[in-house]
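First comes the structure, then the notes that go with it.
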DNA sequence: TTTTAATTGTTGCAATTGCAACAATATAAT
DNA sequence: ATTATATTGTTGCAATTGCAACAATTAAAA
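Chains as they are written, first to last, in my numbering: chain A, 11 to 218; chain B, 11 to 218.
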């Protein structure tokens, strides 16, 4: 995964952070964090650790919007959690650099390294857009079966393999696909019975 | 809408275009364009005109992925139409600047104006991500009614008004929401009958 | 102006889905 | 090791949805 400070020396990285008045924040595992930042226009970078950005529906349904580890980038605009209904939860001890988005845009700093920084950020955001596009491609499929097949498609296109290792739980997958978990389990069963797939723990093998 | 060359003089704009070996292309209305670019990593900017990026399903269903006018930015990564199933159609006489994405990233040009260019592009891509996030928010709603209400929500939040003017057709809306058009019409009728909305031509008034 | 094409509007019906209410495993915490 | 919690797995049933097959209206083209 692209790192925001790729091709930037440690020295210049420090300069950028100072220039942007970056804050480095530390959090313990399993905490609701950054709630005071919700109304600000920030970009956060995970230096180490693991966070999830979670939305709680008015029905109490919890959905994972982002699941980010080291080098993960998130923020108001990027993650679209400007309204109050979102929580950022640490799933591990986590160190985050917080940047002020408006400062990134408005600052005048035409050094090569700041240029590189902008290019890196651009690449990261473009990759995020790409991820969003893939999810939309999946979500626009009308049946559960087609959503699953499109999901398999997207994953295998990335990995060039007919074997998919779920990084998360099936419950999370049903969240991602925006379908009822039980209905998804049923459809997976049908796909198994019809010989399209095999499932063993978190390993899904495509047989087509 | 943000312009890619905001805060850049015409002179410097020309320099950037030359430096990036940009191509300015002209197309007539109602043409399938840029099919030869499909395998390249480009970013296109619409200088004038109107295009739509359209996906044709294996079932023959056509979906509008992007509907772009002046200043619109699109491209391989951003629009995720790297595979062959997409068409770019001019809906009017159109002038497009084509940029090589890899060149944008790899070129070494740390002038103030190139810096500004990168910031503008970054802002544009972030806005696009934001649009994608909104659509995902809508698509993850489980019933047609909730999709419609979330759509109304998103639009009225932008416009600060209880009146929505559809810029396109209802058929296109059902595409955007990824629901069957007839089922959507039925739900709109129910919403009307229950006094939640009023529809007159392309004007939807929210009564709640 | 007339014809053609596109969009809107309607509805029965079958298929799909979400929901509820479980049992069975597996994982994590004490 | 035992308890508690989370995840997986299953199924009946009612609600929602997509589909098909139309008519009516509106917009565009000849």
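Yeah, the Cβ is synthetic: ideal placement off N, Cα and C, and Gly gets one too.
Tell me the residue span of the alpha helix (DSSP H) that contains residue i.
i: residue 86/A; result: 86-89
i: residue 26/A; result: 20-29
i: residue 134/A; result: 122-149
i: residue 204/B; result: From DSSP, residue 204/B is part of no alpha helix (DSSP H); its letter is neither H nor E.
i: residue 182/A; result: 180-186
Which residues does DSSP pair with residue i in a beta bridge?
i: residue 54/A; result: 84/A and 108/A
i: residue 62/A; result: 77/A and 99/A
i: residue 160/B; result: According to DSSP, which records beta bridges pairwise, residue 160/B is partnered with nothing at all.
i: residue 175/B; result: 213/B
i: residue 43/A; result: 98/A
i: residue 208/A; result: 215/A
What is the C-beta distance between residue i and residue j, in whole angstroms, given that I count them as a contact (C-beta under 8 Å)?
i: residue 85/B; j: residue 136/B; result: Going by Cβ atoms, the distance from residue 85/B to residue 136/B rounds to 15 Å, so no, they are not a contact pair.
i: residue 109/A; j: residue 32/A; result: 5 Å
i: residue 131/B; j: residue 131/A; result: Not really, about 10 Å apart at Cβ, beyond 8 Å.
i: residue 146/A; j: residue 64/B; result: That pair is no contact at about 15 Å.
i: residue 164/A; j: residue 148/A; result: 7 Å
i: residue 83/B; j: residue 180/B; result: The Cβ separation is near 27 Å, so there is no contact.
i: residue 168/B; j: residue 100/B; result: 27 Å between Cβ atoms; not a contact.
i: residue 185/A; j: residue 74/A; result: 6 Å
Where does the unbroken beta strand (DSSP E) through residue i begin, and where does it stop?
i: residue 213/A; result: 213-216
i: residue 37/A; result: 33-37
Please tell me whether residue i and residue j are closer than 8 Å, where the distance is taken between their beta carbons.
i: residue 215/B; j: residue 208/B; result: yes
i: residue 107/B; j: residue 81/B; result: no
i: residue 120/B; j: residue 116/A; result: no
i: residue 61/B; j: residue 78/B; result: yes
i: residue 183/A; j: residue 176/A; result: yes
i: residue 18/A; j: residue 123/A; result: yes
i: residue 44/B; j: residue 114/B; result: no
i: residue 105/A; j: residue 76/A; result: no
i: residue 142/A; j: residue 143/B; result: yes
i: residue 111/B; j: residue 29/B; result: no
i: residue 23/A; j: residue 103/A; result: no
i: residue 220/A; j: residue 134/A; result: This structure gives no information on residue 220/A, because the portion of chain A shown stretches from 11 to 218.
i: residue 151/A; j: residue 160/A; result: yes
i: residue 158/B; j: residue 201/B; result: yes
i: residue 87/A; j: residue 125/B; result: no
Please identify, using Cβ separations under 8 Å, the residues of the stretch 152-169 of chain B that lie next to chain A, in order along the chain.
152
Next item on the list: Report the residues of the stretch 25-36 of chain A with a CB closer than 8 Å to any CB of chain B, ordered along the chain.
Entry: Going along the stretch 25-36 of chain A in chain order, one finds no residue with a Cβ nearer than 8 Å to chain B.
Q) Going along the chain, which residues of the stretch 131-142 of chain B sit with their C-beta nearer than 8 Å to a C-beta in chain A? A) 131, 132, 133, 135, 136, 137, 138, 139, 140 and 142
request  = Mind checking the stretch 174-204 of chain A against chain B and listing, in chain order, the residues whose C-beta falls within less than 7 Å of any C-beta there?
outcome  = 188
For the stretch 98-115 of chain B, which residues have a CB atom closer than 7 Å to at least one CB atom of chain A, in sequence order? 115
**Request:** Using a Cβ-Cβ cut-off of less than 8 Å, give me the residues of the stretch 115-127 of chain A that come near chain B, in sequence order.
**Result:** 115, 118, 119, 120, 121, 122, 124 and 125
Below 8 Å between beta carbons is the criterion; list the residues of the stretch 44-66 of chain B that meet it against any residue of chain A, in chain order. none
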